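Letter by letter, the sequence shown follows residues 8 to 713 of my numbering.
The beta-carbon is built from N, C-alpha and C at its ideal position, and this holds for glycine as well.
Computed from a predicted model, the values in this text were never measured in an experiment.
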Amino acid sequence: MTLWPGSPYPLGATWDGSGVNFALFSEHATGVELCLFDGPDGNNQIACIPMMEQTDLVWHGYVPDIRPGQRYGFRVHGPYDPAVGHRFNPAKLLLDPYAKAIDGTIRWNDTLFAYQVGHQNSDLSKDERDSAAAMPKSVVVDQNFDWEGDRLLRIPWHETIVYEVHVKGFTAMHPDVPKELRGTYAGLVCPVMLDYLKSLGVTAVELLPIHHFVADRHLVDRGLTNYWGYNSIGYFAPDARYAGSGTLGQQVIEFKAMVKALHQAGLEVILDVVYNHTAEGNQLGPTLCFRGVDNASYYRLVADNRRYYMDYTGCGNTLNMRHPRSIQLIMDSLRYWVCEMHVDGFRFDLASALAREMHEVDRLGAFFDVIHQDPVISQVKLIAEPWDIGEGGYQVGNFPPGWAEWNGKYRDTVRDYWRGADSTLAEFASRFTGSSDLYEASGRRPTASINFVTAHDGFTLRDLVSYNEKHNEANGEDNRDGESHNRSWNCGAEGPTDDPTVNALRARQQRNFLATLLLSQGVPMLLGGDEIGRSQGGNNNGYCQDNEISWFDWEHADRELLAFTTKVIGLWRDHPVFRRRRWFQGRAIHGAETTDIGWYKPDGHPMSDQDWQSGFAKSLGVYLNGKEIPGLGPRGERIVDASFYMLFNADHEARTYRFPVQDFGRQWIRVLDTTQATVQESLETIEDGGEVVVEGRAMILFQEVE
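This is the structure in C-alpha cells:
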C-alpha cells in the first residue's frame, strides 16, 4: 500500500475526500508504523506501513484511496527502559490520541500489558505478544454534517440552571423511548425527553463523561463496569457505547444530531471532561495509547525514579501539564468539541490536578494561561471541580476569573443547616447569597458559584434523607468505597419504610433542599433524577453499576416532587431577584425604600453580630428587595422585580415568625411552603408586623403584594 509523505498537521487522521493524512506526535520514538484493519470484528490487519517522515517530532504520512470508516492503529518503536520513563513496545497496538472515533472495547487479557504480567518486578520485563486482537481500533471519520445554522447558545450564567445527567441512565428504562434508542445519544433527544427537560425548566444538560473510556479490568472480572466513564482514553471520540446507529463514525453523527436537537430546544450542552488522568493507570497498567506513544512526554513521572507516576488523582497517573504537547492535546480536544461538535462548555474533573506545574497547585499555571488567551475556549462555560487528592489540592474559591466552580462548601453547609447542625447559620447565609467570601475578592460574580446539594458522586437526594449509612455492597468492595458518612438527617428510619410520618418528613426535607438550592444566588446544579425522587438504595458510589441501581426509575417517579421542583424553577425563572449578577451590598440601593437584603430573627428584629455568632440559631428570615436590581436588563440597566421574604426553620420544632415592621404597610402572600406536597398559592395576605407559624424543618416563601 502506498504511503506518501503527507503533512505533520493536523494531528490524527484527516480525510480530504481522496485519502487520509495520518500524523502522530512522539518525541522519543525511533519509528512508527501505521496499521490498517478490516473484517467483521475489525481484527484483520491488512497493512502495517512504516511512517518514514518526521517533522517537528511528528511522524506523518498520507494514504490515498482510503475512506471514512477505515479502522487503524499505531505501533511505536523505541527504548523499553522504565527506569528513565520509556515504555515503547511495538508489539502493542495503540489508539491514536487524536482519534475522532473508536470502534470496539477492550477485550481484557495479558497481551494488553507491555510487560510480562506476574513476573517479579514485572513492569521491567518486556512482553513481545501482539495485543491487536484485544484492542479497540481508531476510526477515520467524515466531519461533514448539516448543522442547519446551529450555533452555541451562549446563555448568560445568571440565566443558567445545570442538569447533571448520564446519557444512558436517563432513558435506559423510559417506557416512551423506543427500545432501540434507550440509553443512546438519540434517545436523550427523543421528543418525550426534550419535552421533559423543557417543562422542567433547566437550561443546560451536563453530561457525565462521553469521551471514549475503558472499563477497568478488576471491574469486568467482577461482572461490573465503569458506568460513570471517568476513565478516558479517547479525548476526541464520543463513546460508541451510547450510539444506536453504529461505531464506524456513525457515533459522531449521532452525537452532533443530539447537540443540534438540544440547541433547538433551547438547552446548552456541557461535557464533564477528564483531562487529569487516563485509563492506563500506574506502572502496572495496560499500554493502550499515550504510554506506548510517548510515556515520558504525556505523563507526570516521579523526578528521581521515572519508573513511577505522580498520582494526584487516585487513578494511577496524572497528565503532564508541564509538557507543551500535553497542553496542546487538551486544547485541541477542547476546541474540537466546541468548533466541530458545538458543545457549550466543560466541567473539568479534578481540575486542581491540571494546575499542578511542580508539586503545589499553581492557580495561574500554564494551563490557565493557555485557556485565557484562547479565543475559542475562553468564551465558553468553564466549570472546575476545584480539588484533587494531592496535598493542597482543595482549591474551592481559588480558581481564576473566567471560571465557575463546584462549590463544595455550599453543599456541605446546606446539608449541615437542614440536618440541624450547630454553628452553621452565618455560613449558611454566606452560601445562600453566592459565597462572596470565596469569589468577590478575585473580581468574580455570584455566578462563579455552582451550587449543588447532590451530584453523581454521593447519595441521591432521596437517599440523602433516607439513609444514615452507605449501602455499597453491590460494588464488591465490602462497603468500604464511597463517601464515608452522610451529612444529612434520615428523618427517623434507615431506608424504605411504611411509616407515613417518616415518609412525610423525608418528602419535606427533599423540598427544603430543592427550594434552598434553586433560590440561592449563584448557578444551581440539579442532579438528574432528584426531581423525581430517584434512589440508588443507599449506594453512594454507583460508578460501577450500569443497571437499575443507577438508571432513572420512571415507573415510580415522584410526580408531586417533580411538580414542586418545576414550580420553584418557575419562580427562579420569573423573578430576577433570585439570580442577581452582582453581589448584595447590605445597604440601601438607588430608588429603594430599604436595603437590598435583610436578615431577621423570628421576632422580626434584625440579626445582630451576637445573633450571627450563636452556635444554636437555626431560624432565619431573609428579605430580598426586588426594587431596581442592578445590571440585569438587556443593556445592563436596573430592572424592577417583586420583593420576597423567606422564612427558614431548621429546628425540629415549629417557630412563630413576626414580619418586620416597615413604614409603608406592605402585604405578603404565601407562594411556596415546603410542608405542602402540592404547590398551591394562598389567597390569604399577611401585613407587616403579622405572624406566621413555620413548622419544624420547613421553609416558606412570601411574595410582596403590589
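**Q.** Nonlocal neighbours in the same chain, by C-beta distance under 7 Å from Asp279, ignoring five residues either side
**A.** Glu213, Leu214, Leu215, Pro216, Arg354 and Asp356
Q: Quick one: using the 10 Å Cβ neighbour count with 16 as the cut-off for buried, is Pro17 buried or exposed?
A: exposed
Q) What's the call for Arg418, buried or exposed, on a 16-neighbour Cβ count within 10 Å? A) buried
**Q.** Reference Arg518; option with closest CA among Asp505, Leu533 and Asp506
**A.** Leu533
Q | Host beta strand (DSSP E) of Asn458 (start-end) | A | Ser456 to Asn458
Q: Please state whether DSSP places Ile531 in a helix, a strand or coil.
A: Per the sequence shown, residue 531 should be read as Pro rather than Ile. Three-state result, Pro531: strand.
Q) Going along the chain, which residues of its own chain have a beta-carbon closer than 8 Å to the beta-carbon of Pro71, five neighbours each way excluded? A) Thr9, Trp11, Ser25 and Gly26
Q: Could you tell me the distance, in whole angstroms, from the CA atom of Tyr630 to the CA atom of Ser650?
A: 8 Å
Q: Grab me the residues of Asn116's own chain with a C-beta within less than 6 Å of its C-beta, minus the 5 sequence neighbours each way, in chain order.
A: Ala141
Q. What is the DSSP secondary structure of Trp22, reduced to helix, strand or coil?
A. strand
Q: Could you tell me which of Leu100, Asp553, Trp561 and Tyr122 sits nearest to Arg314, measuring between CA atoms?
A: Tyr122
Q: Return the chain-ordered list of same chain residues with a C-beta closer than 8 Å to the C-beta of Gly611, the five sequence neighbours on each side being excluded.
A: Gly628, Tyr664, Arg665, Phe666, Pro667, Val668 and Gly696
Q. Taking the continuous beta strand (DSSP E) assigned at Leu214, which residues delimit it?
A. Ala211 to Leu214
Q | Reference Gly321; option with closest CA among Ile646, Gly545, Thr681 and Glu398 | A | Glu398
Q: Between the Cα of His563 and those of Gly703, Tyr306, Val387 and Pro182, spot the shortest distance and give me the residue it belongs to.
A: Pro182
Q.
I'd like the list of long-range same chain contacts for Pro453, defined as Cβ closer than 6 Å, with 5 residues on each side in sequence excluded.
A. Gly441, Gln528 and Gly529
Q | Contiguous beta strand (DSSP E) assignments of at least 3 residues, all confined to the segment 603-639 | A | 604-607 and 626-631
Q. Thr685 to Val712, Cα distance in whole Å?
A. 22 Å
Q. Is any beta-carbon of chain C found at less than 8 Å from that of Thr461?
A. Here chain C cannot be found, since the structure has a single protein chain.
Q.
So, under 8 Å CB-CB, Phe44 and Arg78 are touching, yes? Tell me the CB distance rounded to an integer number of Å.
A. 4 Å
(Q) Classify Lys186: buried if its beta carbon has 16 or more other beta carbons within 10 angstroms, exposed otherwise. (A) exposed
Q: Can you have a look at Asp63 and say buried or exposed, based on whether 16 or more other CB atoms are within 10 angstroms of its CB?
A: exposed
Q: Report all residues from its chain with a CB closer than 7 Å to the CB of Arg673; omit the five preceding and five following residues, and keep chain order.
A: Asp695 and Glu711
Q: Tell me whether the beta-carbon of Phe559 lies closer than 8 Å to the beta-carbon of Gly536.
A: yes
**Q.** CA-to-CA distance, Phe220 to Gly236, given in whole angstroms
**A.** 6 Å
Q. Buried or exposed: where does Asn151 fall if 16 or more other Cβ atoms within 10 Å of its Cβ makes it buried?
A. exposed
Q: Could you please give the first and the last residue of the uninterrupted alpha helix (DSSP H) stretch that includes Gly176?
A: Val174 to Thr178
Q. Can you round the beta-carbon distance between Gly404 and Leu445 to whole angstroms, since I take them to be within the 8 Å contact cut?
A. 3 Å
Q | Minimum C-alpha distance to Asp48 - residue among Tyr474, Thr112, Ala500 and Arg677 | A | Thr112
Q) For the candidate residues Asn482, Ile168, Thr467 and Ala481, whose alpha-carbon lies nearest to that of Asn497? A) Thr467
Q | Beta-carbon proximity check, Val266 vs Met200, cutoff 8 Å | A | no
Q. Applying the criterion that 16 or more other CB atoms from any shown protein chain within 10 Å of the CB defines a buried residue, is Ala179 buried or exposed?
A. buried
Q.
In chain order, what are the residue ranges of uninterrupted beta strand (DSSP E) at least 3 long that sit wholly in the segment 73-147?
A. 78-84, 108-110 and 144-146
(Q) With a threshold of 8 Å, are at least 3 pairs of Cβ atoms found where one atom belongs to the segment 247-258 and the other to the segment 323-341? (A) no
Q: Just the C-alpha distance for Asp223 and Ala286, rounded to the nearest angstrom, thanks.
A: 8 Å
Q.
From the DSSP secondary-structure annotation, give me the bridge partner or partners of Ser239.
A. Phe220
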